[in-house]
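K.L.:
These protein sequence lines are chains C and U, in that order.
The first sequence begins at 384 in our numbering and counts up by one.
The second sequence begins at 30 in our numbering and counts up by one.
Each residue gets a CB set at the ideal place from its N, CA and C atoms; glycine is no exception.
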Amino acid sequence: MKEQVENEMKVEFLSKSANEAFARITIAAFASQLDPTIEELADIKTAVSEAVTNCIIHGYENRIGIVKMEASLKENEILIEISDHGKGIENIEMAKEPLYTTKPNLERSGMGFTIMESFMDSVNVESVVGLGTKITMRKEIKKPEEEKESDSFQFITNE
Amino acid sequence: MQTKFYEKDKLLLVKMTEEIDDNSVQKIRRRVDYEIERHMPKRVVFDFNSVTFMDSAGIGFIIGRYKFVTMLGGKLELANLTQSVRKIFEMSGILKLIPVTDFSETLVS
Ligand SMILES: Nc1ncnc2c1ncn2[C@@H]1O[C@H](COP(=O)(O)OP(=O)(O)OP(=O)(O)O)[C@@H](O)[C@H]1O
Ligand SMILES: [Mg+2]
């Protein structure tokens, strides 16, 4: 059986758009400890990119602030928290609606939360106007097929 | 990698960069619009063949270019969508509006 991974990490970086790629690469390197498929890894990177971009363009509105990304691995699950101390969200339910954006002039499409929700198993939003926003996301990394096969093989030989 | 442009017979081919996010879109938007205005193409094809990552910034970017090209009387198409790029575009519904083609560069070279 695969060894159980338990691990944690935390990074803080300035709210500059060049750090969107930094956040994606960092989370991919960390999540790879769970042996995700290429597709699962792509989903995680995309969801992180959405959350981090939101902190930069909506939370801080391109002023300089700090974006925090924390992640932990437990068994087959990755938990990711991304937060800012920016302006906060007035109406969270409305913000989560597909195509809802407060920045159409910046060519935003209002699909960020929809993408996070469809690529991750769960997405939770906490926000206080004037204080900031925290996004918590979870995703289970499926066990690879191979491993199941070798498990059942072991089961047969044990009999 | 830089965005690349090829033009022939009122067709403009735009080869998109590897990573499409808020950061890269901010850098290429003005240049893309400049090339569109300069050539006034009948057809603008965005080629996603080399794209390895795209988030919602790509949706906003394409909708913005769609409006711009349409306003100038041209048609916009998307070409060579990878599976992950297609997944993101499909979610937004814009593929109902914008045709997707398999496009070969040899058409403009
Ligand atoms: N960290 C944040 N701080 C403040 N407001 C936020 C934050 N994240 C999201 N919002 C608000 O929620 C809205 C919806 O976010 P979402 O990511 O779904 O769309 P978008 O960022 O506007 O567009 P897209 O992500 O498609 O480029 C935003 O327009 C913004 O008003
Ligand atoms: Mg967003």
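Would you say residue 31/U reaches chain C, if we count a Cβ-Cβ gap shorter than 9 Å as a contact?
P.N.:
In the second sequence, counting from the first residue as 1, residue 31/U sits at position 2. No, because no Cβ of chain C sits closer than 9 Å to the Cβ of residue 31/U.
K.L.:
Do you know offhand how far residue 523/C's Cα is from residue 59/U's?
P.N.:
As a working note, residue 523/C is residue 140 in the first sequence. As a working note, residue 59/U is residue 30 in the second sequence. Computed Cα separation, rounded: 40 Å.
K.L.:
Would you identify the three-state DSSP class for residue 435/C, choosing helix, strand or coil?
P.N.:
The residue you call residue 435/C lines up with position 52 of the first sequence. DSSP places residue 435/C in helix when its eight states are reduced to three.
K.L.:
I want to verify the contact list: residues of chain U whose CB lies under 9 Å from the CB of residue 479/C, in sequence order.
P.N.:
The residue labelled residue 479/C in the question sits at position 96 within the first sequence. Here the premise fails: no neighbours, minimum Cβ distance about 13 Å.
K.L.:
Could you tell me which of 462/C, 521/C, 387/C and 442/C sits nearest to residue 393/C, measuring between CA atoms?
P.N.:
As a first step, residue 393/C must be located in the first sequence, where it is residue number 10. Among 462/C, 521/C, 387/C and 442/C, the Cα nearest to that of residue 393/C belongs to 462/C.
K.L.:
Check whether the region 402 to 418 of chain C and the region 501 to 510 of chain C touch, using three or more Cβ-Cβ pairs below 8 Å as the test.
P.N.:
The region 402 to 418 of chain C is not in contact with the region 501 to 510 of chain C.
K.L.:
Just grab the DSSP bridge partners of residue 516/C for me.
P.N.:
Taking the first sequence and counting its residues from 1, the one referred to as residue 516/C is at position 133. Answer is 467/C and 510/C, bridged to residue 516/C.
K.L.:
May I have all residues whose beta carbon comes closer than 5 Å to any heavy atom of ligand 4, sorted in chain order?
P.N.:
Looking for ligand 4 in the displayed structure turns up nothing; the ligands present are ligand 1 and ligand 2.
K.L.:
Can you give the Cα-Cα distance for residue 39/U and residue 455/C, rounded to whole angstroms?
P.N.:
Residue 39/U sits at position 10 when you count from the first residue of the second sequence. Residue 455/C sits at position 72 when you count from the first residue of the first sequence. Looking at the two C-alpha atoms, the distance is approximately 52 Å.
K.L.:
With which residues is residue 390/C paired in a DSSP beta bridge?
P.N.:
By one-based count along the first sequence, residue 390/C stands at place 7. DSSP lists 456/C as partners of residue 390/C.
K.L.:
Is the distance from the Cβ of residue 401/C to the Cβ of residue 428/C below 9 Å?
P.N.:
Position 18 of the first sequence, counted from the first residue, corresponds to residue 401/C. Position 45 of the first sequence, counted from the first residue, corresponds to residue 428/C. For residue 401/C and residue 428/C, no; Cβs fall outside 9 Å.
K.L.:
What's the call for residue 520/C, buried or exposed, on a 16-neighbour Cβ count within 10 Å?
P.N.:
Translated into the one-based positions of the first sequence, residue 520/C becomes position 137. So residue 520/C ends up on the buried side.
K.L.:
Am I right that residue 583/C and residue 434/C are in contact with their C-beta atoms under 8 Å? What's the rounded C-beta distance?
P.N.:
No statement about residue 583/C is possible, as the shown extent of chain C runs from 384 to 542 and does not include it.
K.L.:
DSSP three-state label for residue 101/U, please.
P.N.:
As a first step, residue 101/U is located in the second sequence; it is residue number 72 there, counting from the start. Three-state result, residue 101/U: coil.
K.L.:
Should residue 51/U be labelled buried (16 or more other beta-carbon atoms within 10 Å of its own) or exposed?
P.N.:
Sequence index remark: in the second sequence, residue 51/U carries index 22 (1-based). Buried, since its Cβ has 16 or more Cβ neighbours within 10 Å.
K.L.:
Going along the chain, which residues of the region 45 to 61 of chain U sit with their C-beta nearer than 8 Å to a C-beta in chain C?
P.N.:
From the region 45 to 61 of chain U, only 48, 50, 51, 52, 54, 55 and 58 have a Cβ closer than 8 Å to chain C.
K.L.:
Are the region 121 to 129 of chain U and the region 61 to 73 of chain U touching, with three or more C-beta to C-beta distances below 8 Å?
P.N.:
Result no; under three Cβ-Cβ pairs closer than 8 Å.
K.L.:
Cβ of residue 90/U less than 9 Å from any chain C Cβ?
P.N.:
Your numbering for residue 90/U matches position 61 in the second sequence. Chain C contact via Cβ: present.
K.L.:
Against residue 79/U, what residues of chain C qualify as contacts under a CB-to-CB distance less than 7 Å, listed in chain order?
P.N.:
For the purposes of this step, residue 79/U is taken as residue 50 along the second sequence, with counting starting at 1. The contacting residues do not exist; residue 79/U stays about 16 Å from chain C at best.
K.L.:
Can you tell which of 113/U, 83/U, 72/U and 55/U has the C-alpha that lies nearest to the C-alpha of residue 127/U?
P.N.:
Translated into the one-based positions of the second sequence, residue 127/U becomes position 98. Closest by alpha carbon: 72/U.
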